[in-house]
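In our numbering, the protein residues as written are 1 to 232. Built from N, CA and C at the ideal position, the CB exists for glycine as well. Since this is a predicted model, take the numbers as computed values, not measurements.
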Amino acid sequence: MSEPLALAGLPWPVELRTHPRARRMRLALDESRGLLRLTVPRRVSRRAALDWAAQQSEWVEAQLARIEPARPLASGATIPIDGEDVLLQWDDAAPRTPQLVDRVLSCGGPADRFADRIARWLREEARRRLVEETRALVAKSGIADGPVSVGDAGTRWGSCSASGAIRYNWRLLLAPPHVRAYVVAHEVAHRVHLNHGPGFHALQAKLYGRDVGDARLELRALGPRLKRVGRG
Ligand SMILES: [Zn+2]
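#1: Distance, Cα to Cα, Ala28 vs Ala139?
#2: Applying the 10 Å Cβ sphere with the 16-neighbour rule, what's the burial state of Leu100?
#3: Examine ligand 1 and report whether any of its heavy atoms sits within less than 7 Å of the Cβ of His201.
#4: So, Ile143 versus Arg191, is the Cβ gap smaller than 8 Å?
#5: Taking its Cβ as the centre, do 16 or more other Cβ atoms sit within 10 Å of Trp251, making it buried, or is it exposed?
#6: Expressed to the nearest angstrom, what Euclidean distance is found between the alpha-carbon atoms of Cys160 and Glu15?
#7: Is the beta carbon of Val148 sitting closer than 8 Å to the one on Ala185?
#8: Whose C-alpha, out of Arg26, Ala111, Arg42 and Asp85, is nearest the C-alpha of Ala93?
#9: State the Cα-Cα distance for the pair Arg156 and Asn169, rounded to the nearest angstrom.
#10: In this structure, how does DSSP classify Arg66 when only helix, strand and coil are distinguished?
#11: Have a look at the DSSP bridge pairing and note the partners of Gln55.
#12: Any heavy atom of ligand 1 closer than 7 Å to the Cβ of His19?
#13: With H, G and I counted as helix, E and B as strand and the rest as coil, what does DSSP make of Pro224?
#14: Near ligand 1, which residues have their beta-carbon closer than 6 Å to a heavy atom?
#15: Ignore the nearest five residues each way along the sequence and tell me which others in Asp91's own chain have a CB closer than 8 Å to its CB.
#16: Can you list, in chain order, the residues of its chain with a C-beta nearer than 8 Å to that of Pro177? Leave out the 5 residues immediately preceding and following it.
#17: So, is Leu217 buried or exposed, given that buried needs 16 or more other C-beta atoms within 10 angstroms?
#18: Identify which residue in Arg123, Ala126, Glu125 and Thr97 has its Cα closest to the Cα of Arg113.
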């Protein structure tokens, strides 16, 4: 058994174990630990096993979807924003533009387009805040500024291009602020180091203000739930 490994494209880290009697490779979800257990016959190399596991992302997502119920953006439903429950409410008398007041996110307009209006608002609010939070960190640290956008890239929370363009998953709006701050610190650190080497890790911790380990684990545990918001 080895230290769990994060593989690109998989939402949970992989714990690899060689099994003398295993006939073929097998992947299983360990829900309580937030891990994927990869069982490997002795004759299969570690490299081949990890390559195989990295290709199972669709299967993994489908399994996680079965564990985590879909949370459609319906009136009466609650979703997290900043890690706290917010009630979604359609209100005939309210304006069409959603408003967040006292942990109620409400809007009016045609009821059958309620989910669309809320989804648009969430994405725009995520963009606004992530731009703001990224700018604030960049200004404080003296790191070069650059474009920031949001999307809904499958399993990634953020990415940074060689030119310094940062793209976040809008679902970070749903996560507690200290978890979002970790992803912001991670991507801003990539503006200086386009790798995950020791220099990168030191800068990431400096930008975050402390070790990011706890926030990373929290995001990993929360991830499947956040990814179900707005689906179904
Ligand atoms: Zn990275």
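According to the structure data:
#1: Going by the C-alpha atoms only, they are around 44 Å apart.
#2: Its Cβ having fewer than 16 others within 10 Å, Leu100 is exposed.
#3: It does not: the Cβ of His201 is nowhere closer than 7 Å to a heavy atom of ligand 1.
#4: Between Ile143 and Arg191, the C-beta gap is smaller than 8 Å, which places the two residues in contact.
#5: Residue 251 lies beyond the stretch modelled for the chain, which goes from 1 to 232, so this question has no answer here.
#6: Each residue's Cα considered, the two are about 27 Å apart.
#7: No, the pair does not count as a contact, with Cβ atoms beyond the cut-off.
#8: By alpha-carbon distance to Ala93, the top candidate from Arg26, Ala111, Arg42 and Asp85 is Ala111.
#9: C-alpha of Arg156 to C-alpha of Asn169: approximately 7 Å in a straight line.
#10: Residue state, collapsed to three classes: helix.
#11: Gln55 pairs with nothing; no bridge assigned.
#12: Flag unset: Cβ of His19 not near ligand 1.
#13: Secondary structure of Pro224 (DSSP, three-state): helix.
#14: This criterion selects His186, His190 and His196.
#15: Closer than 8 Å at Cβ, skipping near neighbours: Ser106, Cys107 and Gly108.
#16: Only residues of its own chain outside the window of five on either side were considered, and among them Asp82 and Gly83 have a CB closer than 8 Å to the CB of Pro177, listed in chain order.
#17: By the beta-carbon neighbour count (other beta carbons within 10 angstroms, threshold 16), Leu217 is exposed.
#18: Nearest option by C-alpha distance: Thr97.
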